[in-house]
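Chains as they are written, first to last, in my numbering: chain A, 26 to 248; chain B, 190 to 615. From the three backbone atoms N, C-alpha and C, an ideal C-beta is built for every residue, glycine too. Read the structure below first, then the notes.
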């Protein structure tokens, strides 16, 4: 490598400057995107409300996580694989001991992790779920039709951290600092892409669910 | 002919529609495709262009290029896809022919996007850019000029009232100042289902309700809401408000019509920019209230196996869901629900102006297959609903499919089971 004299230098850069740049883009980007949304506001409502906004808005944030039975029967794959993917992803992200240590070092908070064989299994399941979702996107008439380059880009930058994490954990690339560096670099890529793509849903879905729940709550509709 | 001016107006109208919820919705869509599964136009045709979130693409492009930093950057670099006149022409059937504004997609979206509300917003841009269907333009023009989307004049209403009064001996009050309730009607009720007016007269007589019709504001429907033009919608709402305030009523009753309730109950005050001096109730809310308070007494029941078709605008947009069920409990001994009902009911296929848009007739008949399947699952003898438009669309669809199931209005069913004068109260 010309940029780095050795793998250790590469890891140092990835952990240092690169991480700071990615984190800055992520944090500033997310703040801008959220402000862009909420500052637009809503028009004043003059109709007499039948119910309140806040309670139903908050309830909708939770209740939208459960699909209605009719939709479940019509699209079981998206719903089941969607659940599996999100659960496994968060297990890997938040319960792998080295990840917890990183969060502790950055934010000063910590919690107990899971044994690494659980993390390993979750990673495999999450990777399988993502491959399944990609296959589904490429073959289902609606998803194939709706998908743009962004959908595939987002898939790729989400997939890479899982793949490189698995590779690093199993020492499948040598030397280890290179494997770990690639993993961190892939996460940085994810962080940089995040504010500019539908990855933002991880944050904005709370806003979207609240608004819809509030609108419906105001009219006395069960959402 | 559309011009460069029209497209500019259209784009400006779309820009005006962007608010925080819209921005949150577009930011959150992950292209999961579940909204397609909630839309009868997709489930009954398999055409992915009918995916609800795809239908709002013009609004999404405006949002991205005008209201996001990254989108503005893309626009400067020439990477943004613009909204053109050709695009809107292509989208017109998606926005008007294949969406009844039923709101089922808004119930299903896992990130909580109110997609149906966004389609309503796109219609504002469509009208401004001169891309609304002939059928709806005609209805709106008649509504503004004549006072009714079907061209029904006061003379026709008075003739129907005359028939009802001479047939039944009941009195139908008009322009009674100081009455408690002002009843509105839909043109379809005046022409196709005058039994609704008769039912009101019978019920209000028994329950001793002080009510009136207005010769200046009898039409409840609002073509402006359907076509998606706030200016027209505002004018039509204002007529009702003026009529109600002139007669100094305490309440205005929205009839058995879905979108009329949305128009007068929820959108109306926002359109005229102030709260009303009266309250708006849907007829089912009022009947339920009269029954709960013991003023409305019924006896006996219809024993046939029947089901209730929830009008989308009442249940998913209006919050009137429990009332019809409590009412049916009193007058139907063999009431069963469709498998998906209440706020997950499937649309008849004719709401949101689709039934007034002749171009969509063939598609509407095709997607009625969803309702047909629902009915076949439960095998009922009678259908009850609370919207004259649903009723006509259901009747046509049933006939088209050779299904011999009569459709009746709930108010009418109640009025048929009123405790007669002199009959002992149960």
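Residue i at chain B interface by Cβ criterion, 7 Å
i	result
residue 218 of chain A	no
residue 144 of chain A	no
residue 71 of chain A	yes
residue 246 of chain A	yes
residue 234 of chain A	yes
residue 172 of chain A	yes
residue 242 of chain A	no
residue 140 of chain A	no
residue 34 of chain A	no
residue 222 of chain A	no
residue 61 of chain A	yes
residue 225 of chain A	yes
residue 157 of chain A	no
residue 137 of chain A	no
residue 230 of chain A	yes
residue 164 of chain A	no
residue 100 of chain A	yes
residue 57 of chain A	yes
residue 40 of chain A	no
As assigned by DSSP and simplified to three states, the class of residue i
i	result
residue 258 of chain B	helix
residue 482 of chain B	coil
residue 653 of chain B	Since the displayed chain B opens at 190 and closes at 615, residue 653 of chain B lies outside it and no answer follows.
residue 197 of chain B	helix
residue 351 of chain B	helix
residue 198 of chain A	coil
residue 5 of chain A	It is not possible to answer for residue 5 of chain A, since the shown part of chain A is limited to 26 through 248.
residue 272 of chain B	coil
residue 234 of chain B	coil
residue 248 of chain A	coil
residue 448 of chain B	helix
Pairwise C-alpha distance: residue j and residue i
i	j	result
residue 74 of chain A	residue 244 of chain A	6 Å
residue 398 of chain B	residue 479 of chain B	9 Å
residue 609 of chain B	residue 394 of chain B	11 Å
residue 326 of chain B	residue 417 of chain B	10 Å
residue 227 of chain B	residue 460 of chain B	29 Å
residue 402 of chain B	residue 527 of chain B	35 Å
residue 372 of chain B	residue 425 of chain B	16 Å
residue 64 of chain A	residue 209 of chain B	7 Å
residue 605 of chain B	residue 475 of chain B	17 Å
residue 239 of chain A	residue 85 of chain A	8 Å
residue 439 of chain B	residue 364 of chain B	14 Å
residue 256 of chain B	residue 601 of chain B	50 Å
residue 19 of chain A	residue 470 of chain B	The requested residue 19 of chain A is not part of the displayed model; chain A covers only 26 to 248.
residue 149 of chain A	residue 178 of chain A	21 Å
residue 261 of chain B	residue 252 of chain B	10 Å
residue 204 of chain B	residue 296 of chain B	25 Å
residue 151 of chain A	residue 82 of chain A	31 Å
residue 117 of chain A	residue 139 of chain A	9 Å
residue 31 of chain A	residue 193 of chain A	17 Å
Beta carbon proximity, residue i to chain A, threshold 7 Å
i	result
residue 302 of chain B	yes
residue 287 of chain B	no
residue 257 of chain B	yes
residue 221 of chain B	yes
residue 609 of chain B	no
residue 478 of chain B	no
residue 463 of chain B	yes
residue 240 of chain B	yes
residue 578 of chain B	no
residue 318 of chain B	no
residue 474 of chain B	no
Subject >> Contained alpha helix (DSSP H) runs [length at least 4] in the segment 64 to 124 of chain A, N- to C-terminal order >> reply: 79 to 88, 94 to 99, 101 to 120
**OP:** Closer than 7 Å, Cβ to Cβ, to anything on chain A: give me those residues from the segment 196 to 213 of chain B, in chain order.
**Re:** 207, 208, 209, 210, 212, 213
**OP:** Jot down the residue ranges of each uninterrupted alpha helix (DSSP H) in the segment 369 to 426 of chain B, minimum 4 residues, whole runs only, in chain order.
**Re:** 376 to 380, 384 to 396, 412 to 416
Original post:
If you measure beta-carbon to beta-carbon, which residues of the segment 180 to 203 of chain A are closer than 8 Å to chain B?
Top reply: none
Original post:
Listed from N- to C-terminal order along the chain, which residues in the segment 389 to 402 of chain B have their beta-carbon within a distance smaller than 7 Å of any beta-carbon of chain A?
Top reply: none
Original post:
Taking a cut of 9 Å between CB atoms, which residues from the segment 72 to 87 of chain A lie near chain B?
Top reply: 72, 73, 75, 76, 85, 86
**OP:** May I ask you to list, following chain order, the residues of the segment 102 to 135 of chain A that have a beta carbon less than 9 Å from some beta carbon of chain B?
**Re:** 103, 104, 107
**OP:** Could you name each continuous alpha helix (DSSP H) segment of 4 residues or more that falls completely within the segment 275 to 321 of chain B, going from the start of the chain to the end?
**Re:** 293 to 297, 304 to 317
Original post:
the segment 493 to 518 of chain B: which residues have C-beta closer than 9 Å to a C-beta of chain A, in chain order?
Top reply: 504, 505, 506, 507, 508, 509, 510
Subject >> Every unbroken beta strand (DSSP E) within the segment 512 to 590 of chain B, with a cutoff of 3 residues, ordered by chain >> reply: 571 to 574
Subject >> Residues within the segment 529 to 552 of chain B neighbouring chain A, beta-carbon criterion of under 7 Å >> reply: 529, 532, 533
**OP:** Could you run through the segment 255 to 282 of chain B and flag, in chain order, every residue whose CB is less than 8 Å away from some CB of chain A?
**Re:** 256, 257, 258, 259
**OP:** Note down, one range per segment and in chain order, each alpha helix (DSSP H) of at least 4 residues found wholly within the segment 155 to 241 of chain A.
**Re:** 166 to 171, 174 to 194, 201 to 218
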